[in-house]
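Numbering (the working numbering), first residue to last: 1034 to 1206.
Note that CB positions come from ideal geometry on N, CA and C, so glycine has one too.
Okay, here's the thing in structure tokens:
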């Protein structure tokens, strides 16, 4: 039996997401797939799993090497979506209890994510500025909708960037 759950976790809430996935496994639901806020689970006997997520942008030139590194350390690759990779292991089965052996490697993961978010943020700001400061458009209603959309996107990405920076700062302390 399969079950789909719609749930939102922000990028900086990786610890909460992992704990939730572990709780689902203890309740007898094993993660099969993740796709845009939808987690797909399969019914199983309740089991203790440790879940961890990692962000690696979709540059597949070294993906097999990346996955082999985790597999060699005892982590099973479950699924991936938009650069996020989901891993799991049974307690005591992996060589390390966490995929990040030190704080600096976790900070580096968030740094990669930050750059991944900053690129579209800069592009959206540039496009939004050209729309906001150009009054020659004939479809005023469309322009109002576009302006509101771009402001919301900038706020959402800005909110994400600030929270990731805050998480990085907390990790370094």
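- Per the Cβ contact rule, the stretch 1106-1123 is in contact with the stretch 1083-1091 (3 or more Cβ pairs under 8 Å).
- Cβ-Cβ separation between residue 1069 and residue 1140: approximately 27 Å, too far for a contact (criterion under 8 Å).
- According to DSSP, residue 1117 shares a beta bridge with 1088, 1114.
- Residue 1122 is bridged by DSSP to 1083.
- The Cβ-Cβ distance between residue 1156 and residue 1183 does not fall below 8 Å.
- For residue 1108, same chain residues with a beta-carbon under 6 Å away, outside a window of 5 residues either side, are 1120, 1122, 1127 in chain order.
- Counting C-beta atoms within 10 angstroms of its own C-beta, residue 1036 has fewer than 16 neighbours from the protein chains shown and is therefore classed as exposed.
- Contact between the stretch 1095-1104 and the stretch 1058-1069 is absent, with fewer than three C-beta pairs closer than 8 Å.
- According to the DSSP assignment, residue 1063 belongs to the beta strand (DSSP E) that extends over 1062-1068.
- The three-state reading of DSSP puts residue 1133 in coil, since its state is none of H, G, I, E or B.
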